[in-house]
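**Q**
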């Protein structure tokens, strides 16, 4: 294990994060000169303090690795330059990026709270008081970087805009990181997802060995940036401020779900920004959530005008079909009822409104974004259960979304059908095909184990939450959906963690458990689990 | 598909069940002459009516198949005589045996209730009033034949002894049927369990082709009978009546759990039959529950003095280890607390009492028996969760117990470990070995799919129960554990279906769902699921 190489790259990651924070600090300082709000000042201080620490640690990691190297002889240097990250190094780097990156990303919240003496004098009443505990800050930052969108904040309106922007940007960075990681980096290293992504995104592979990771990553980043610009402009056109447009775009494309309003997207209802604008904001959000839940490898094909590949992609078709069927069921239940919007107002369940609110929650949950326009905790049992099932299905592989992923559900379903037939026709061997390619025995096993792994972690998470909370203080539904919503990187659950609730009330151990669940879900379980495997650390 | 052959064998099964009922009727009639209780008389009438119907249907099925045959030519007859059941025929027969057998077994309850006019005049107050609905009778009978032990009865004491004996005998017949089916019949037909049982019970196979099903079945039946006699004698010696001893023995060896008392085994506490006898009754029950949860193939080896095979069996070792660890955890929580016995009395949690009550519930749940001596619904969260996990682990393959089975958990666990290692060492292929034999890719896949199948059915069952019950009338914990307890053939769950509660309050659709879950769990899912597969019915 080339630990030094890993630490050097980790240093680079921290420096990039500091650069992003620096941009926000610059913007916030400029804003502050205009408005001179007291709390924004402390947010700038918090960001500045974090940048100082992050830059120091990042530079030390970077230079220590280099200096050690210079102390060695020339041939070692040559060897080093040639060296690329191996499988184990990549896995360790990925795990550390999220686990340590979240600690750095959470510092601005923590500093902001503790730097301002006013906060300490009125701890319970000020909004943002949850940030007094570092576990809460870590939870919020992990929720951002893993594009989960679960928040500890009971009142978002009192948080300085600099911090809200940083919070949204953690989503955007995390989403970009995941797409690059799973579509460009890991497949080329032959790790985990490789075989899964080969099925439907062979594009970057077919070009030969040359362009590899760097070239693929560059294209993905441009696609991501393109979507970001389009969505910001659309939001701005339909009545949002630049600040709101940027924050919500970051949260949408990363399938994150952090909003700048307590009522989430439900804030922009007809009473507030007019009927047409409100309608458009919802549908823009729905559209871009769906787009963010598609395998980014397909956009690569689109850019090369390979429309047929995209059109015939089995995962894309299944993904859209699931959204369609779920929307019909959920919206059907809403017709004729009174829909409670997340800001507390109500809407009559006409057909267009039912489709709008039904589809929004379906897409928000299946793509694991977690935005809300309606309080689905008040809905009947069946639509609630549809949403709960969608939590586990999740979005497409290679998207910014979480969950088990549509392609795994599809493969798992086909395996189960084949297995049932094998009981009474043991001699008929029918290979399982997805989109023309046969699924290997290895991939089949990996998919089945992954699904079991998610169930096991979901169960273990629920049990740990029940254990760490005072007896009787949370319901079974709360524990189960909090576990599911963090593991699958969704955001809200049901009951005490419903669409209009938050995760602030959990104890510190519970927050650590859920932070770990978010990381496990985001990094497709393995990248974190291998760290606990003794043989991972043994040198070969 | 040779449907006629299947129906003929089904007729035979019904006739055997009628024969058992006839023996009980003879005993009950003799008893009735001594006591002349009014309700016992109607129970005899109910049994008699059922025998009439069952014998008629059984004989018709048997003779219709024969007569049709005689109408054909001689060579067809010769062909018929040679014919044995194929895979698909065996699966269909097994499914029909349980689905239709439960209908026949439930008739005595239904007839008893409706024959007695007194019942109809005071429907709600009489004990056994749940039997007014045939869905409840079917549920009770399916619970018996699948050795589940969930009851709809709120008050067992008012039920005629003839019916209680029949209820216990359905356990015994079901348990014997399952052992013969999974250890003798299906492996020889190459269906489902085959590969699983080959691993640790190769005994009957190694002798060559000759003895086959009939010989193996004969040995298993003798072992089963041997255990029955020993346990009855032990119970009798420690203070139970012959009737109680027989009923509880039937329920123990089948890992069923029907008792003749509302308080289950907890009825025999120290106040009622003395300290020493009470102590011994509990430990006898624990011992025989453990024995019933062992693969019966191992007793075959024991009988042939192959002690080493038994001692080295990996499933047996894991099974005993799980019982040991779970007992330590659960008993540890009970020490110093006040244990509530199922009859409402309390016991101080000294070390011996904690071990006794802790181990009893652990063994009862893991072997999926479902007897109770303590109301574990009142226990803290951790021991309750241990019991919930044990529900899914279950007993050994080839035993009378249900659940996923220890061997599958063992294989699944090893696959997951191997899969994690493969992430960072994709080129190291390490075969998975259990007890010296390598697990084939086919078996691995079958095990993984089985585990996923149980999770999916468990989830689907919970959701259906929530849908079929009035909104808000049952808790999530009730729905989830009712689904788990019936699917895994255990008996009691938590909350409204806890150790001292019953399943009588459920609606008819819910009872049908749970009856189906019991059959699915008992027949290892596939035997029922294939019936819904179109290609199963297509002729080859």
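Chains as they are written, first to last, in the numbering used here: chain A, 1 to 540; chain B, 541 to 1080. Idealized CB from N, CA, C, for every residue including glycine.
#1: Does the structure place the region 895 to 906 of chain B close enough to the region 435 to 444 of chain A that three or more beta carbon pairs sit under 8 Å?
#2: Would you tell me roughly how many angstroms separate the C-alpha atoms of residue 126 (chain A) and residue 455 (chain A), rounded to the nearest one?
#3: Using only CA atoms, which one of B:906, B:1074, B:971 lies nearest to residue 945 (chain B)?
#4: For residue 931 (chain B), which residues in the same chain have their Cβ closer than 7 Å to its Cβ, ignoring the five residues on either side in sequence?
#5: Tell me, please, whether the CB atom of residue 874 (chain B) is closer than 8 Å to any CB atom in chain A?
#6: Pick out whichever of A:89, A:400, A:48, A:444 has its Cα sitting closest to the Cα of residue 289 (chain A).
#7: By Cβ distance, which residues of its chain are closer than 6 Å to residue 4 (chain A), with the 5 residues on each side in sequence left out?
#8: Relative to the C-alpha of residue 543 (chain A), which candidate in A:97, A:154, A:122, A:135 has its C-alpha closest?
#9: Can you list, in chain order, the residues of its chain whose CB lies under 8 Å from that of residue 382 (chain A), leaving out five sequence neighbours each side?
#10: Please list, in chain order, all residues of the same chain as residue 224 (chain A) whose beta carbon is under 6 Å from its beta carbon, the five residues on each side excluded.
#11: What's the call for residue 9 (chain A), buried or exposed, on a 16-neighbour Cβ count within 10 Å?
#12: Tell me, please, whether the CB atom of residue 1073 (chain B) is closer than 8 Å to any CB atom in chain A?
#13: Less than 7 Å between C-beta atoms, sequence neighbours within five positions excluded: which residues of the same chain meet that for residue 192 (chain A)?
#14: Whose Cβ in chain A lies nearer than 8 Å to the Cβ of residue 916 (chain B)?
#15: With distance defined between alpha-carbon atoms, name the residue in B:966, B:959, B:963 nearest to residue 972 (chain B).
#16: Taking residue 445 (chain A) as the query, report the chain E residues whose CB atoms sit under 8 Å from its CB, ordered along the chain.
#17: Who are the near neighbours of residue 766 (chain B) in its chain, counting only those whose CB is closer than 6 Å to its CB and skipping five residues on each side?
#18: Tell me residue 973 (chain B)'s beta-bridge partners as DSSP assigns them.
#19: Buried or exposed for residue 429 (chain A), please, with buried defined as at least 16 other CB atoms from any protein chain shown within 10 angstroms of its CB.
#20: Just to confirm the assignment, what range does the beta strand (DSSP E) spanning residue 519 (chain B) have?
#21: Tell me residue 346 (chain A)'s beta-bridge partners as DSSP assigns them.
#22: Which residues, in order along the region 1023 to 1051 of chain B, keep a beta-carbon less than 8 Å from a beta-carbon of chain A?
#23: Looking only at its own chain, which residues have a Cβ that is under 6 Å from the Cβ of residue 327 (chain A), when we skip the five neighbours before and after it?
#24: Pairing CB atoms from the region 368 to 379 of chain A with CB atoms from the region 255 to 264 of chain A, are three or more of them under 8 Å?
#25: Rank A:533, A:415, A:331 by C-alpha distance to the C-alpha of residue 351 (chain A) and give the top, closest one.
#26: Three or more C-beta pairs under 8 Å: does that hold for the region 26 to 36 of chain A against the region 158 to 169 of chain A?
#27: Rounded to the nearest angstrom, how far is the Cβ of residue 1043 (chain B) from that of residue 691 (chain B), given a contact under 8 Å?
#28: Which same chain residues, not among the five before or five after residue 6 (chain A), have their C-beta less than 6 Å away from its C-beta?
#29: How is the alpha helix (DSSP H) around residue 1026 (chain B) delimited, first residue to last?
#30: Measure from the C-beta of residue 1017 (chain B) to each C-beta in chain A and report whether the shortest distance is under 8 Å.
#31: Let me confirm a value: residue 1055 (chain B) is counted as buried when at least 16 other C-beta atoms fall within 10 Å, else exposed. Which label applies?
#32: Would you identify the three-state DSSP class for residue 263 (chain A), choosing helix, strand or coil?
#33: For residue 972 (chain B), would you say it is in contact with chain A, using Cβ-to-Cβ distances shorter than 8 Å as the test?
#34: At a CB distance below 8 Å, what residues from the region 397 to 414 of chain A approach chain B? Give them in sequence order.
#35: For residue 559 (chain B), count neighbouring Cβ atoms within 10 angstroms of its own Cβ and tell me buried if that reaches 16, exposed if not.
#36: Note down the Cα distance separating residue 472 (chain A) from residue 917 (chain B), rounded to an integer number of angstroms.
**A** Short version:
#1: no
#2: 39 Å
#3: B:906
#4: 905, 943, 1024, 1025, 1028, 1030
#5: no
#6: A:400
#7: 65
#8: Outside the shown range of chain A, which is 1 to 540, sits residue 543 (chain A), and nothing can be said about it.
#9: 329, 333
#10: 176
#11: buried
#12: yes
#13: Low confidence applies to residue 192 (chain A): its pLDDT is 48, below 50, so where it sits in the model is not reliable, and the reading given next is rough at best. So the list reads 186, 524, 526, once near-sequence residues are dropped.
#14: Result: empty, since nearest Cβ-Cβ is about 15 Å, beyond 8 Å.
#15: B:959
#16: In summary, chain E is missing from the structure at hand, where the protein chains are A and B.
#17: none
#18: B:978
#19: exposed
#20: Past the edges of chain B, shown from 541 to 1080, lies residue 519 (chain B), and the structure says nothing about it.
#21: A:340
#22: none
#23: 358, 359, 362
#24: yes
#25: A:331
#26: yes
#27: 7 Å
#28: 89, 92, 93
#29: 1016 to 1027
#30: yes
#31: buried
#32: coil
#33: no
#34: 412
#35: exposed
#36: 13 Å
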